[in-house]
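There are 2 protein chains.
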Amino acid sequence: MKKRVTLRDVAAAAGVHVSTVSRALDPKTRHLITPEVVSHILKLSEQLAYRPNAAAYSLKTNRSRTIGIIVPDITNPVFPPIIRGAEDALAQQNYVAILGNTDGSPQREEEIIDIMRARGVEGLLLASVKARDTVVERLAAEGMPIVTVNRRVDDPGTASVVHDERDGTSRILNHLVGLGHRQIACIAGPQDLSTGRDRYLAFEEGRAALGLERDANLVTVADSFNESAGERCAEELLARDIAFTAIVCANDLIAIGAISALRRHGLACPENVSVTGYNDMPLADRLLPPLTTIRVAQYKAGHAAAELLLEALSSQPGERVARHLVLPVEMIERGSTQAVTVKAKGRARRDTPARLSPA
Amino acid sequence: MKKRVTLRDVAAAAGVHVSTVSRALDPKTRHLITPEVVSHILKLSEQLAYRPNAAAYSLKTNRSRTIGIIVPDITNPVFPPIIRGAEDALAQQNYVAILGNTDGSPQREEEIIDIMRARGVEGLLLASVKARDTVVERLAAEGMPIVTVNRRVDDPGTASVVHDERDGTSRILNHLVGLGHRQIACIAGPQDLSTGRDRYLAFEEGRAALGLERDANLVTVADSFNESAGERCAEELLARDIAFTAIVCANDLIAIGAISALRRHGLACPENVSVTGYNDMPLADRLLPPLTTIRVAQYKAGHAAAELLLEALSSQPGERVARHLVLPVEMIERGSTQAVTVKAKGRARRDTPARLSPA
DNA sequence: CTGTTAGCGCGTTCAC
DNA sequence: GTGAACGCGCTAACAG
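Heads up: the protein sequence lines correspond to chains Z and V, in order.
Start counting the first sequence at -11; every next residue gets the next number (my numbering).
Start counting the second sequence at -11; every next residue gets the next number (my numbering).
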């Protein structure tokens, strides 16, 4: 491996002292040096392909130009756009990111944060937080700059970029009611995550506002935002033997699982049961059936979160105010929802005795 | 932010010299120190939550314990499993990765590599290489350890982990012929990428071996591995006004695009035309229709590639031999392929005059 | 076995 | 305007 050219090499070539080169190369201190010398040094360092040594810079200044991004699992299609957005924003300021996957485990999260701190990350972008997150609380107390993205923590002291869950859920409900649905089931997401909780709260709120009766039997809570949890919850709803014509799912993967489970029980989506997702993840439009869902701007969220973090890094610790961004969402109507038909209405299950349906 | 505890702090607390602490903490040199002293130091450093400063280590040893992973676009569902596999392998040796997206642009690739070198990455994991890649050639010549994953470069001097493209393509062809297809079109991938080229070569080889006639009209080449390229190529095939009952696509996204284009022209998959993908990306089983495709072990490939790279890093520059791994693939039969029906056979297009179909 | 010493490459405070 | 000197936190060579 060719050895790297250092400040010293450039200085030797230019016939000046290292510190002169250092100053000439830094736009902030460049004015201290004679213009001709500056241009000479600039040309030379270009020629020699001088690249400052990040480790030395970091050791000296205690600034690593690195931040940590922590997600539950990069393999979940929700996260890549967030990461991409964040990295694009970071790159503009010569920052890079190192990535960690927690698989939802708080211990793993702690380990990863430990590793990242050893690496001297200047801040953290967290897509993995629980609503009540002791790891984050402790870190924030120590003054580590943190921005959560997609999810947030209850403590308003931690900056966040999230989506308008209430509006999204309300649009879904209005859409379904507009199609004639009155018996609407809900597969809520994990209630220890802000997204799962906020969407569920918005569901109950919207349901009440639309004059639909509350029925605890229509609600089930998934322990995870994935397909198998969706399947399990749909099975549970079906086992309860109650009537519903639509299911509002906490995210797209849950919806996919639910549709599979329905199909196994001989129920077609949307003919027998309408199903909605949330996130509009990649390929949601190509599924069988294409998902009616809420489009959230994940790339934008990642981008904005990184910018918020960079902003916090460049401000003094004292003057930091945790900022919170709520991005607007959009409803995307596709094939997984349709108007209630007389046939499907009332009773969602096929081979069980009919029962009185309210209204 | 709480200031970090350094070796010096631990040394002061233990009443010994820094270098003693350094040695006690390193398993390799620990045997030089009296066991009681070691355990005392270990306990103390634990207590003080000592974390070695990565920048200082890196500056001193010239080893950053960081590698660069470069992909075309993390948003493409093929890459997250590769990245995840690589990161899991790296983590076992206390390495971390920084990520870069090239969007397929060689200039961007060069910029990213520049940034990564400034960061002192010890090696590179490349999922972005062209078959002929001057950037990689130059880097390899300079001695930078490189492993390509998923794709490879023509130069056998660069280590790689790829999948058995020939076997995969041959399975697809056998499957289709077994279903009675004789007029099989092909949407090949970009021919400057090893995957696109190898799959296409295997297609021609397999076609000949199966005794199918060569027809240049049945082949089209996509300029990119995505849905819109798939749509364009399918349109092109249709415009040529030739008969085919199946299309072999270079990857899943192309297949998805092709199916969309067919549908726009009133052709259903698989009823009128069978379509195959490649990669078995996440959700390929949930699409409309579910894709018959080749499953490649992306996580495993990423994992293996990272291990290969770590191995190269720990060996002496002299004794390095570029290793090449070819992982086995598996065919997954789903709904996008079916036996040729009398009705569909011969002529794939509906509202155009029929034409003689060979055999 | 342990302490001493000498940098790794850079930014920064002093002198000049 | 420029050079000299120092040290960030750590490892490694050498002493003892």
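C-beta atoms are modelled at their ideal positions from N, C-alpha and C, and glycine is treated no differently.
What are the boundary residues of the beta strand (DSSP E) that includes asparagine 89(Z)? Start and end: 84 to 89.
Roughly how many angstroms separate the alpha carbons of histidine 312(V) and leucine 206(V), rounded to a whole number? Looking at the two C-alpha atoms, the distance is approximately 33 Å.
Are any of the Cβ atoms in chain V nearer than 8 Å to that of aspartate -3(Z)? Aspartate -3(Z) has a beta carbon lying at 8 Å or more from every beta carbon in chain V.
Using the rule of at least 16 other Cβ atoms within 10 Å of the residue's Cβ for burial, across every protein chain shown, is glutamate 75(Z) buried or exposed? Flag for glutamate 75(Z) reads buried.
Is it the case that the stretch 273 to 281 of chain V contacts the stretch 317 to 331 of chain V, given that we only count it when at least three CB pairs across the two stretches are under 8 Å? Touching, yes.
CB-CB length for cysteine 257(Z) against isoleucine 175(Z), believed under 8 Å: Not really, about 13 Å apart at Cβ, beyond 8 Å.
Using a Cβ-Cβ distance under 8 Å, would serine 46(Z) count as near chain V? Interface residue, yes.
If the cut-off is 9 Å on Cβ atoms, which residues from the stretch 81 to 96 of chain V count as contacting chain Z, listed in chain order? Within the stretch 81 to 96 of chain V, contact with chain Z at the beta-carbon level (separation under 9 Å) is assigned to Asn82, Val84, Ala85, Ile86, Leu87, Gly88 and Asn89.
Could you give the distance in angstroms between the alpha-carbon of methionine 404(V) and the alpha-carbon of threonine 8(V)? Outside the modelled stretch of chain V, which goes from -11 to 347, sits residue 404(V), for which no answer is possible.
Name, please, each residue of chain Z whose Cβ falls closer than 9 Å to the Cβ of proline 277(V). Here the neighbours are Leu276.
Which bits of chain V does cysteine 52(Z) rub up against, with CB to CB less than 9 Å? In the sequence under discussion, the amino acid at residue 52(Z) is serine, which differs from the cysteine named in the question. At a beta-carbon threshold of 9 Å, the residues of chain V lying near serine 52(Z) are Ala42 and Ala43, ordered along the chain.
Residue from Gly131(Z), Leu226(Z) and Asp268(Z) whose Cα sits closest to the Cα of valine 309(Z): Comparing alpha carbon positions, the residue from Gly131(Z), Leu226(Z) and Asp268(Z) closest to valine 309(Z) is Gly131(Z).
Assuming methionine 269(V) and aspartate 229(V) make a contact with CB atoms under 8 Å, what is their CB distance in whole Å? In this structure, methionine 269(V) and aspartate 229(V) do not form a Cβ contact; the two beta carbons are roughly 32 Å apart against a cut-off of 8 Å.
Can you give the Cα-Cα distance for alanine 204(Z) and alanine 300(V), rounded to whole angstroms? One C-alpha to the other measures close to 59 Å.
So isoleucine 62(V) contacts chain Z; which residues on that side make the cut at Cβ distance below 7 Å? For isoleucine 62(V), the C-beta contacts it makes with chain Z under 7 Å involve Pro68, Ile71 and Arg72, in order along the chain.
Reducing DSSP to helix, strand and coil, say where glutamate 321(Z) ends up. Correct three-state label for glutamate 321(Z): coil.
Would you please state the rounded distance, in angstroms, between the beta carbons of glycine 290(Z) and arginine 140(Z)? I believe it to be under 8 Å. Incorrect: roughly 15 Å between the Cβ atoms, too far for contact.
Among all the DSSP beta bridges, which residues are the ones paired with alanine 176(V)? Per DSSP, the beta bridge partners of alanine 176(V) are Val209(V).
Need the endpoints of the alpha helix (DSSP H) that cysteine 221(V) sits in, please. Segment 215 to 227, the alpha helix (DSSP H) holding cysteine 221(V).
Answer yes or no: does any C-beta atom of chain V fall closer than 8 Å to that of glycine 108(Z)? At a cut-off of 8 Å, the C-beta of glycine 108(Z) has a neighbouring C-beta in chain V.
Neighbour list for leucine 167(Z) in chain V, Cβ cutoff strictly below 8 Å: By Cβ distance, chain V contributes nothing, its closest Cβ being about 21 Å from leucine 167(Z), past 8 Å.
Please list, in chain order, the residues of the stretch 221 to 250 of chain Z that have any C-beta partner in chain V closer than 7 Å. Correct list: Ile244.
Identity of the residue in Gly156(V), Thr90(V), Leu297(V) and Ile247(V) nearest tyrosine 83(V) by Cα: Proximity to tyrosine 83(V) across Gly156(V), Thr90(V), Leu297(V) and Ile247(V) peaks at Leu297(V), based on C-alpha coordinates.
Which partner residues does asparagine 260(V) have in the DSSP bridge list? None; asparagine 260(V) has no bridge partner.
Cα-Cα, which of Glu153(V), Val25(V) and Glu224(V) is closest to histidine 253(V)? Residue Glu224(V) is the option with its Cα nearest to histidine 253(V).
Span of the beta strand (DSSP E) holding serine 148(Z)? Here the beta strand (DSSP E) through serine 148(Z) covers 147 to 151.
From the DSSP output, in three-state form, read off threonine 280(Z) for me. In the three-state reduction of the DSSP assignment, threonine 280(Z) falls in the strand class, which pools E and B.
Quick one: is isoleucine 57(V) buried, meaning 16 or more other Cβ sit within 10 Å of its Cβ, or exposed? Only buried fits isoleucine 57(V), as 16 or more other CB atoms lie within 10 angstroms of its CB.
Just how far apart, CA to CA, sit threonine -6(Z) and serine 10(Z)? Cα atoms of threonine -6(Z) and serine 10(Z): separation of roughly 11 Å, rounded to the nearest angstrom.
Cβ-Cβ distance between alanine 115(Z) and glutamate 295(Z) below 8 Å: No, they are not a contact pair.
Measure the Cβ-Cβ separation of isoleucine 55(Z) and asparagine 89(Z) and say whether it is below 8 Å. Taking 8 Å as the Cβ cut-off, isoleucine 55(Z) and asparagine 89(Z) do not qualify as a contacting pair.
Rounding to the nearest angstrom, what Cα-Cα distance links tyrosine 38(Z) and glutamate 219(V) in this structure? Taking the straight line joining both Cα atoms gives about 46 Å.
Chain V contacts made by the stretch 254 to 283 of chain Z, where a contact means CB separation under 8 Å: Hits within the stretch, in order: Pro270, Leu271, Arg274, Leu275, Leu276, Pro277 and Pro278.
Below 8 Å between beta carbons: does that hold for valine 135(V) and alanine 147(V)? In this structure, alanine 147(V) lies closer than 8 Å to valine 135(V) by Cβ.
Beta carbon proximity, proline 316(Z) to chain V, threshold 8 Å: So, not an interface residue.
Is there a Cβ of chain V sitting closer than 8 Å to that of isoleucine 103(Z), yes or no? Taking Cβ atoms only, chain V reaches closer than 8 Å to isoleucine 103(Z), which makes this a yes.
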